[in-house]
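Protein chains in written order, with the working numbering: chain A, 2 to 1201; chain B, 520 to 792.
The beta-carbon is built from N, C-alpha and C at its ideal position, and this holds for glycine as well.
Read the structure below first, then the notes.
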Amino acid sequence: MKELIDAFFKKEGVVNHQIESMNYFYSTQNNAASIMQQVVDETKISDEEEPGVIVLDKLKTGSSDIRVYFGRRVINGKVSKEATIWVDKPEIKEASGASNQITPNEARLRDLNYMASVFLKVRVVVDGVEREQDTVKIGEIPVMVRSKVCTLYEKNLETYIEKNNGPQNTTLEEKLHYVGEDPNDSGGYFIIGGSERVIVSLEDLAPNRILVEAEEKYESKVEVAKVFSQKGGFRALTALEKGSDGIINVSIPSVAGTIPLAILMKALGIEKDKEIHDAIGSVREMEPIIYANIEEAVTNKLFQNGVHTTEDAVSFLEKKFASGQAKEYREKKISQMLDKSLLPHLGDQPQDRIKKAVYLGRMARSLLELNLGLRKEDDKDHLANKRIKLSGDLMDELFRSAFLSVMKDLKYQLERTYSKRRGVKVKPAVRQDLLTQKMLHAMATGNWTGGRTGISQLLDRVSNVSTLSHLRRVISPLTRSQPHFEARDLHPTQWGRICPNETPEGQNCGLVKNAALIINVTEGVDPTPVLDLIMQNGVREVVEENPNSGRVYVNGDLVGYHDNPSALVSTVRESRRKGRLSNEVNIRYDLETREVIINCDRGRIRRPLLTLQNGNTLIDQKTLGKLESGDHTLLDLTAMGVMEWIDAEEEEDLFVAVYPYDLPEKCPKCSEYISRDTTKWVGHGVNTEERMEELTVQCLKCNEEFKVSNALATEHTHLEIDPSLILGVVASIIPYPEHNSSPRITMAAAMTKQSIGLSSTNFRIRSDTRGHILHYPQLPLVKTRVMDHIKYDKKPAGQNFVVAVLSYQGYNIQDAIVFNRASIERGLGRSSFFRTYTAEEKRYPGGQEDKFEIPTHDVLGARAEEFYKNLDESGIIFPESYVEGSDVLVGKTSPPRFLEEGGDKLGPQRRRESSITMRPNEKGFVDNVILTVSESNSRIVKIRVRSDRTPELGDKFASRHGQKGVIGAVVSQEDMPFTEDGIIPDIIINPHAIPSRMTVGHILEMIGGKVASLTGDVVDGTIFSGEPEKSLREELVRHGFNRYSTEIMYDGITGERFQTEIFTGVIYYQKLHHMVAGKFHARSRGPVQILTRQPTEGRSRQGGLRFGEMERDTLIAHGAAMVIKDRLLDQSDGTILYVCGNPSCGHLAIFDRKRGNLKCPVCGNTGNIHPVETSYAFKLMRDELTTMGVMMRLVLGDLK
Amino acid sequence: MAMKILESSPRFARFEITDITTSEANALRRTLIGDIPKLAIDKVSIHHGQIRDKDGNVFGSSLALFDEMIAQRLAMVPLVTDLKMNFRDECTCEGKGCTLCTVTYSINKLGPGTVMSSDLQPLNNPSAVPSDLDIPIVKLRKDQALLVTADAMMGRGSLHSKWQVSSGVSYKVHREFTFQKSAFHRWTSLKEKYPNAVLTENKERITFTDDNGDGEITSMSGEKGVEVTEDQNRYVFKFETDGSLPAIEVLDYSLKRIPQRLNTLLDSLVTPD
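And the structure:
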């Protein structure tokens, strides 16, 4: 069903989930149905007040009742549609005071924040009289590129261009060109301080549902039932634990210790033992445990005279958790505990307590069911028990806390500045930068609310696919250090939702994941329609259990019982397929526990499946045709019920067929080899009343039709759209991956993300700090269908190499690659490296500022004139000048530091030289100079230096099959082996790279590339449906090659024919960004650290190569004492100390400058002073000991 | 030793040499690849800054491709070579550069359009034009222009592939495929397809050669009823040139070049004292 995939990508981009999520978050003036508005409506300034309003303290307002409403108005229980909060367009406030709308590229170039103002509409009500309405700016919020508030959003872009007198009536692509944007850029990221940042999606345990599991504790099995209760950003874990004695204890967050279940239920208001029993029990076997728990409460073991009533229970809790405190405090503490900390999703008012008690009973029931073996442990790694937090959800958390602090501050400011005469003035009281700074700080550092780090990351721009993959990443918050073996494993429910192969190796393996190709993350819909529907269809809200009825859950809450669960499920499913229910509703009937589970909450990853009826799809060719022509959207398909988005929970219920039929090897009509890509199922969706024995398939090579037997049974409920959709974006780039061993695909996916190519088409006007561009990027000769969807052909990252597989003298052992020098000289594998240096004319307190200029002689630390020769009169370098070493790019002087330097004589303080120089070990040409102004109106200059990276010894290359290698030799063309046709390979790889790694896909791609070169047609290597191997081999034979793709070759050096024929082919190779030019390093002399006087570390600091412990050991083994001394002392931090020879002194002598002699400052001795050679580290230690009051005396003596 | 030219065109040659050793054949192949003099651009000066046309319209010199890329592309353009030209380090000008050893070119192209190899204008040697005139160098937008002067000098392919005259240089050993007619039935179709490849034929067997480069015959080795014999002293060569020199001239030069190089040893012979 290629058409479906095409239709999906025609409408939605690869990072659509990110953009949709933010679109749902942002509130606009005409659309209040947003998370932002919801947050505003829910915000409570303090616990006592209602949400959505600020009530000023009467003590501070002269006893008038002043209320500032900021949430939406609620009239007769209906919420007004009018937004009270909205996001404007992305703007920057210039230092001149003017506000200008900005484009993403302007933000990138000027190091700006791509943010938009947030406006809040407030109503002031004084003593019940509505006074005024006011719209105030409360701050700024980061704007996601390509979201609905972004300047690049189609409608916004039009008005922006119009306003800036840009070209009219142009295509979207031209418009994007005009604003300096890559038309094929996916968006989905933010721009903070000029750098692109991604909010990576988080995977989390599903909130508000009961999870039961058995734990091993002290060698006894303990059953636990947990609920991560979540309400409006607040999250609390409530856990029930059944000990070996059968007593169930509850642990509540922010409370130390546990509470017996029966007592807690009594405290919550269920006093009668029978009610407690009924709330828990479902089967007879539970009785003894329930009785034990009830008994436990009424004995006087825990409380004198036992806990019988709610009062008893509350005083038990008071005694346990707040004993010895004042009565008032005790009461407050316990109500806090019961209302706020315990199960907050059920409510935070005292009237919600009964609900909580019933819920606890239900939790206990699940726990006992597990204990009795009626229920299995919940699988934490099952995707049904997980939720994905996209950028919108994370932004929600951040905005919630920032907005609350703005509102709290507003309340404080209003109370502080209130005066009867002036009334309430909201506008001047808002501290805008509070919100802005909170949002900015989190975005810039990745430190989110709740102490999580690394939420926002710098967008990976190495290649286009690495960018896309980064935007589709899903990380698990589990700690990297603990093993978590099960969490790292591939789970069956990840099929079609999470890429099975794309994950890093090492400590993050299996924790950092990537979304599969077509997924949908639910936004969450209101459960009311579902509830109405199921209530109409016979769901009863009785508490009593009946073995013949099934329980019905909606979003984890038990809503009732139904006598015929499977009928209920099909009714609900039918309503969804008819479009009466939202397609976001997913339903499952668990036969084992007789539970109906309905979900319509946020964050479930879903995948599309085709619905089947009697072994036939419901979708027919007419619908597919309409889809292709654009008359239908995928949304129509779900509304028609022919396609469904299925979450992991519902999928457990389904019987999904992978293929509708099996194909013969060759077309029976034209005898060509066929694959699923070159055939089409015709006549599907017609006559769904009866199962057909045979299906009609059309061969796209001869357009003839033939019959195949139907592999779909009537029992099949759904059909896979295409099994190739199980892979993610990166793994989909690999041709023939089904022929490779799985770890190699994982490695190939990791390496594809490091390959350089065309990362963005606007690279000439971008100012990334580092970047690579491949000079002649090519389309792969063996491609996959997915490449069309992610527009790989627009931004490829690799070249097709002619490869021979043989050993070459030993220059390609251990994965090294031998390169043909002529190929390199003709441009193979060439790339350019960019580095951008930034200088700013910073302003300092006191009115001083940096200045771009050529430093003159009187500037402190100025270099010789020739260092500034490439600069123009304003101190900025000319474009295209050659720079290397530590050449000056921008001449800059800074104001003198306060109370510093000045040298020996006091005089007027001099400005300091603070020029921007090239990195010491890089060279290149100045590619571009951008001079602009920052937000604070200081000048910024960005200088991009470009350097040519011709492949050289040690550069790293990799095919798309995890076959990486570095250049081991660059060999002249005449020394390379050649075929009788005169073909000389570009590279030679070693045959040992293949057998143990089982990368058969690599072999097939080589053959495929060769066939493509011969026929002039690109070969399709899509997973499961690519061109069949036999077809490729036959094509080779047709072109006069042998079917093994081997050829007679001659040694270029001796001219002799090789004994064996050599396997050759054409395969796509990627240049990886690990290049020798950026890594090689050596040092003879160089800088030392100030503190220890030891050589610096690291290439960027021209550091030394560490002569470490083990290296020292080898010298000891040789007895090479002088070499050790040379390495560790002479070439490191050797110093001469002048030691006072007075045996009772032993201090260090100082040099008396006036007299010109050495003198011990302690004992005054001048004659008996001796030079001693030690390491400076030793002297440092001596000094540090001195500071602690420990005197180290050096007692000298003769060598014996 | 005998040499027979089988096929020859200005840019292609195929010939057979009999009674030649493998190393001699290889020496000839290596000479053809790396030891033929050719003219190629070695030094490129690109004008930076504004470029004006006659009417005073201003064009920018900042192009889609980097200067390094343009220089590399210019260097790869094959130029019609006169073998009488001097190598610069052997020239009478002592390496300074003169008309005997250097051809200077200029490109002066205003956008919009594509700079082609035909835009390379030789200034001091009108015959040293690019041998292919339709090689694109760089595309110019409407406000871009390219102003370049470039010096071309003689060099050899072993130094850099831009000085490489010939490509696809290869030889193959002479092979004979004798098919047992009774055991190998496909001989009839092969005979029909490649009548020129048949060497001998009798009732029982038929002998083909794959010297014409017919891969299908080559791939018959190892099949049942096929006997392959190789003649290690008989080679079929082929190569093509990029048009900077005619194929025959290249062959002629390389045949003279081999003894010349060997003679350098003779020339440096000194008597022991």
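DSSP, reduced to helix, strand and coil, places A/Tyr845 outside both helices and strands of the structure shown, so it counts as coil. Within chain B, the residues Met588 have their CB atoms less than 8 angstroms from the CB of A/His776, given in chain order. Nearest Cα to B/Ser740 within the set B/Thr697, B/Ser773, B/Thr550: B/Thr697.
About 18 angstroms separates the CB atoms of B/Leu619 and B/Ser763; that is not less than 8 angstroms, and the two are not in contact. Among the residues facing chain B, A/Asp982 is included, as its CB has a counterpart in that chain under 8 angstroms away. Rounded to whole angstroms, B/Asp554 and B/Asp730 show a C-alpha spacing of 26 angstroms.
Put simply, the backbone Cα of A/Ser973 is about 9 angstroms away from that of A/Ser824.
In the three-state reduction of the DSSP assignment, A/His346 falls in the helix class.
Scanning its chain for C-beta atoms nearer than 7 angstroms, with the 5 sequence neighbours on each side dropped, one finds around B/Thr550 the residues Ser773, Arg776, Ile777, in chain order. Under the 8 angstroms Cβ criterion, the stretch 880-889 of chain A counts as touching the stretch 925-933 of chain A, having at least three qualifying pairs. Closer than 9 angstroms at the C-beta level to chain B, one finds no residue of the stretch 779-798 of chain A.
One Cα belongs to A/Lys341, the other to A/Leu619, and the distance between them is close to 50 angstroms.
Residues of the stretch 824-836 of chain A with a Cβ closer than 9 angstroms to any Cβ of chain B, in chain order: Ser824, Ile825, Glu826, Arg827, Gly828, Arg831, Ser833. For the stretch 5-51 of chain A, the continuous alpha helix (DSSP H) assignments of 4+ residues that do not extend past its boundaries occur at 17-26, 36-43, in sequence order. Residue burial is scored here from C-beta neighbours: A/Cys601 has at least 16 other C-beta atoms within 10 angstroms and is therefore classed as buried. The stretch 562-648 of chain A is shown to contain whole beta strand (DSSP E) runs of 3 or more residues at 587-591, 596-600, 606-614, 644-648, in chain order.
The stretch 238-248 of chain A makes contact with the stretch 359-372 of chain A; the number of CB pairs closer than 8 angstroms reaches 3 or more. Taking C-beta atoms as the reference points, A/Val228 and A/Lys267 fail to come closer than 8 angstroms. The C-beta of A/Asn170 comes no closer than 8 angstroms to any C-beta of chain B. When 8 angstroms is used as the limit between beta carbons, B/Gly553 is near these residues of chain A: Ser973, Gln974, Glu975, in chain order.
For the 8 angstroms CB-CB criterion, A/Gly642 and A/Val597 do not form a contact.
Going by DSSP, B/Met739 is part of no beta strand (DSSP E) at all; its letter is neither H nor E.
Judged by their CB atoms, A/Gly616 and A/Ala714 are nearer to each other than the 8 angstroms cut-off. Listed along the chain, the chain A residues whose CB falls inside 9 angstroms of the CB of B/Val692 are Glu981, Ile1049, Tyr1051, Arg1058. A distance below 8 angstroms separates the beta carbons of A/Leu655 and A/Thr718.
Counting only residues of its own chain and dropping the five nearest sequence neighbours on each side, A/Arg462 has a CB closer than 8 angstroms to the CB of Glu197, Thr468, Ser760, Ser761, Asp769, Gly772. Residue environment analysis places A/Arg1039 among the exposed positions, since fewer than 16 neighbouring C-beta atoms fall within 10 angstroms of its C-beta. For A/Ser756 and A/His962, the gap between their C-alpha atoms comes out near 13 angstroms.
In this chain, A/Thr239 is not harboured by any alpha helix (DSSP H); it is covered by the beta strand (DSSP E) spanning 235-243.
Your pair A/Val41 and A/Thr104 does not check out as a contact, with CB atoms roughly 29 angstroms apart and the cut at 8 angstroms. Chain-order list of chain A residues neighbouring B/His566: empty, with the shortest C-beta distance near 10 angstroms, by a criterion of under 9 angstroms. Selection A/His633, A/Asn711, A/Ile253 evaluated against A/Asp663 yields A/Asn711 as nearest (Cα-Cα). A/Leu512 is positioned such that its CB atom lies no closer than 8 angstroms to that of A/Ser470. Against B/Met604, chain A offers no close residue; the least beta-carbon distance is about 22 angstroms (beta-carbon pairs closer than 7 angstroms). A/Phe958 is bridged by DSSP to A/Gly966, A/Lys1072. Rounded to the nearest angstrom, the Cβ distance from A/Ser65 to A/Val127 is 6 angstroms, consistent with a contact under 8 angstroms.
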